[in-house]
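Residue numbers are given in numbering that gives the first Met the number 0: position 374 of the sequence shown equals residue 373, and the series is strictly consecutive.
From the three backbone atoms N, C-alpha and C, an ideal C-beta is built for every residue, glycine too.
First comes the structure, then the notes that go with it.
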Amino acid sequence: MTTMMKCACPGCRKVLDAKSEHAGRAVRCPGCQKVFKLPAAKAAVQVPEPPKLESCPLCAGPWSPGAVACGDCGFMPQPVAPPAPQVPQIRCIHPPCGASNYVGRKTCLRCGTLLPCPPGTVLEDRYRVDALLALGGFGAVYRGTDLASGATIAIKEMLCADKAQFTLRLNFFRREAEILKSLASESIVPGLLAFIEQEHAAYLVMDFIEGKDLLKVLEASNNRPFPIEVVADWGVAICQVLDTMHRHDPPLIHRDVKPDNLMLLDNRTGIRMIDFGTARDIGPSGPDGQRAKTRIFTEGYAPPEQVVGRPEIRSDLFALAGTLYHLATGSVPEGTSTGAEIKARLAGQGVPYPESDRWFWDLIRINLSEDPSDRYFSARDLGKDLAGRSLATQVACDGCGETNAVRIPYCAGCAAELTDAAHACLDCGKPSRMGCRYCIHCGGRMR
Numbered sequence: 000m001t002t003m004m005k006c007a008c009p010g011c012r013k014v015l016d017a018k019s020e021h022a023g024r025a026v027r028c029p030g031c032q033k034v035f036k037l038p039a040a041k042a043a044v045q046v047p048e049p050p051k052l053e054s055c056p057l058c059a060g061p062w063s064p065g066a067v068a069c070g071d072c073g074f075m076p077q078p079v080a081p082p083a084p085q086v087p088q089i090r091c092i093h094p095p096c097g098a099s100n101y102v103g104r105k106t107c108l109r110c111g112t113l114l115p116c117p118p119g120t121v122l123e124d125r126y127r128v129d130a131l132l133a134l135g136g137f138g139a140v141y142r143g144t145d146l147a148s149g150a151t152i153a154i155k156e157m158l159c160a161d162k163a164q165f166t167l168r169l170n171f172f173r174r175e176a177e178i179l180k181s182l183a184s185e186s187i188v189p190g191l192l193a194f195i196e197q198e199h200a201a202y203l204v205m206d207f208i209e210g211k212d213l214l215k216v217l218e219a220s221n222n223r224p225f226p227i228e229v230v231a232d233w234g235v236a237i238c239q240v241l242d243t244m245h246r247h248d249p250p251l252i253h254r255d256v257k258p259d260n261l262m263l264l265d266n267r268t269g270i271r272m273i274d275f276g277t278a279r280d281i282g283p284s285g286p287d288g289q290r291a292k293t294r295i296f297t298e299g300y301a302p303p304e305q306v307v308g309r310p311e312i313r314s315d316l317f318a319l320a321g322t323l324y325h326l327a328t329g330s331v332p333e334g335t336s337t338g339a340e341i342k343a344r345l346a347g348q349g350v351p352y353p354e355s356d357r358w359f360w361d362l363i364r365i366n367l368s369e370d371p372s373d374r375y376f377s378a379r380d381l382g383k384d385l386a387g388r389s390l391a392t393q394v395a396c397d398g399c400g401e402t403n404a405v406r407i408p409y410c411a412g413c414a415a416e417l418t419d420a421a422h423a424c425l426d427c428g429k430p431s432r433m434g435c436r437y438c439i440h441c442g443g444r445m446r
């Protein structure tokens, strides 16, 4: 049987009869010929079912099937209404707010902050958002599907409601995409599949990593440390990535190497290095190029020069040493204080390290030094010692063959340069070599 519904034309206001099955469709008014959409059908009202009782809870008399009240005392129990349908919601990412919003909204009802993509969103007619994995103040990470290949992917979305900050954030996002492209040859870096820019959003589409970050792995195992041999192998792989970044022109520094940004694969066959959003280039050499910039660091992993806004490539080596320490001990590093503690133990104070592992702890101590000139000068050299399970103490000059101590800028025999170029002197702007504590041109302190 066809049911009818009444509706008013928004043009001539004439009341029309329409079939209920046409609800929500576009129709034409027979009077004024205006095309308009019929209102959606009203949801059916759910009537609560009668209570299913065997006896009256008040007088204990028999309860007739289908009855809504007791035939003896007239007691009428409150009918049980069906549970309300669960409406999917998403929480606002703005920490002071945190309000719940219906899926499909673009901005928070309370504070106006941009909200993450709802599941089912398709980007570029190819990449579908399936589930939210992580949410932070700068963006969201989703698990998704590449509809062209069926592969599982990771989608990172930039979220920025502040119009004044949008361009700056977008530049950071573009830079992260360029860094991922430049590291495509590194096996422990997830591949970049696409970089998508839209009117008020940007997305990185990357390979999906089946695993957990190493900090969560440690916490789940009650901070049980990993074997030093395994940690050293991971360090070699990380050094390869850092060396590629540091050899970029201009050099790129990561600025946030830590267990949180290293993923252990579910099959435990290796790690992946993630989150290059904080990386930046060092900039031009000279006094103007070495001004303090945005201070981004994680306490315990960042060296003093990074804390004051003057990071350099050896700052990444400090962070890597703190990371390797954390993985090998299960304890969070405390910056240069941890380096001093290791030095004391190596000197015989407290519980000694096993003789077979002393090289590892000496390497960690060196790279947790307060002065960058006391650390390794390159990720390449650090990776070599980690791979060789040894600590290099001498280096031969290519010019005269003289044997020199490591980290000496000039050969004692012929004065040839032994180390890479360092940043320019902040006083005179002229370059020196890594390892120089004072400028060879003006005598100013290299800092």
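Tell me, please, which residues DSSP counts as bridged to residue i.
i: Val-394; result: Asn-403
i: Gly-143; result: Val-128, Ile-152
i: Arg-279; result: Ile-252
i: Leu-203; result: Lys-155, Phe-194
i: Ser-99; result: Arg-90
i: Ser-54; result: Pro-61
i: Lys-18; result: Met-3
i: Met-272; result: Leu-261
i: Asp-71; result: Paired residue(s): none; Asp-71 is not in a bridge.
i: Lys-211; result: Leu-263
i: Phe-225; result: In DSSP, Phe-225 forms no bridge with anything.
Exposed or buried, which one is residue i when buried takes at least 16 other CB atoms within 10 Å?
i: Cys-72; result: exposed
i: Gly-70; result: exposed
i: Val-462; result: An answer regarding residue 462 cannot be provided, because it is not within the stretch 0 to 446 covered by the chain.
i: Val-121; result: exposed
i: Lys-13; result: exposed
i: Asn-170; result: exposed
i: Asn-366; result: buried
i: Lys-257; result: buried
i: Gln-164; result: exposed
i: Val-350; result: exposed
i: Gly-119; result: exposed
i: Gln-239; result: buried
i: Pro-408; result: buried
i: Gln-77; result: exposed
i: Gly-210; result: buried
Since I believe residue j is in contact with residue i (beta carbons under 8 Å), could you give me their beta-carbon distance rounded to a whole number of angstroms?
i: Gly-299; j: Phe-376; result: That pair is no contact at about 23 Å.
i: Glu-369; j: Pro-310; result: Rounded, the Cβ-Cβ distance is 14 Å, inconsistent with contact.
i: Phe-194; j: Ile-152; result: Rounded, the Cβ-Cβ distance is 13 Å, inconsistent with contact.
i: Arg-104; j: Leu-114; result: 6 Å
i: Leu-264; j: Arg-271; result: 7 Å
i: Asp-356; j: Ile-237; result: With a Cβ gap of about 19 Å, Asp-356 and Ile-237 do not count as contacting.
i: Leu-251; j: Ala-278; result: 5 Å
i: Ala-318; j: Ala-339; result: So it is not a contact: roughly 17 Å between Cβ atoms.
i: Val-235; j: Gly-382; result: 5 Å
i: Arg-374; j: Arg-313; result: 5 Å
i: Gly-190; j: Ala-183; result: 6 Å
Excluding five sequence neighbours on each side, which residues of the same chain lie with their C-beta closer than 6 Å to the C-beta of residue i?
i: Pro-286; result: Confidence is the limiting factor: at Pro-286 the pLDDT is only 42, short of 50, which leaves the residue's position unreliable, though a coordinate-based value still follows. Only Leu-425, Gly-428 meet the Cβ criterion.
i: Gly-276; result: Glu-175
i: Pro-249; result: Asp-280, Ile-281
i: Leu-241; result: Asp-315, Ala-378
i: Ile-439; result: Ser-431
i: Gly-398; result: Cys-413, Ala-415
i: Pro-224; result: Ala-327, Thr-328, Gly-329
If I measure Cβ to Cβ from residue i and keep anything under 7 Å in the same chain, skipping five residues before and after, which residues do I get?
i: Arg-290; result: Because the pLDDT at Arg-290 is just 47, under 50, the model does not fix this residue reliably, and the point stays unresolved.
i: Arg-388; result: Ala-231, Trp-358
i: Gly-138; result: Lys-155, Glu-156, Met-157, Leu-158
i: Ala-320; result: Ile-363, Asn-366, Leu-367
i: Val-405; result: Ala-391, Thr-392, Gln-393, Val-394
i: Asp-384; result: Leu-362, Leu-390, Ala-391
i: Ser-186; result: none
i: Asp-16; result: Met-3, Lys-5
i: Thr-112; result: Cys-91, Ile-92, His-93, Cys-96, Thr-106, Ala-160
i: Thr-297; result: Asp-255, Lys-257
i: Tyr-324; result: Pro-332, Thr-337, Ile-363
i: Ala-343; result: Gly-349
Excluding sequence positions up to five away, which residues of its chain have a Cβ less than 8 Å from the Cβ of residue i?
i: Pro-9; result: Lys-33, Phe-35
i: Glu-401; result: Ala-395, Cys-410, Ala-411, Gly-412, Cys-413
i: Gly-442; result: none
i: Ala-150; result: Thr-144, Phe-207
i: Ile-178; result: Met-244, Leu-251, Phe-275, Ala-278
i: Ala-7; result: Lys-13, Val-14, Leu-15
i: Asp-419; result: Phe-376, Ser-377, Arg-432, Met-433
Does the beta carbon of residue i come closer than 8 Å to any beta carbon on chain B?
i: Ile-89; result: Structure shown: chain B not included; a single protein chain is present.
What ranges does the alpha helix (DSSP H) occupy inside the region 339-381, keeping only unbroken runs of at least 4 residues that lie completely in it? 357-366
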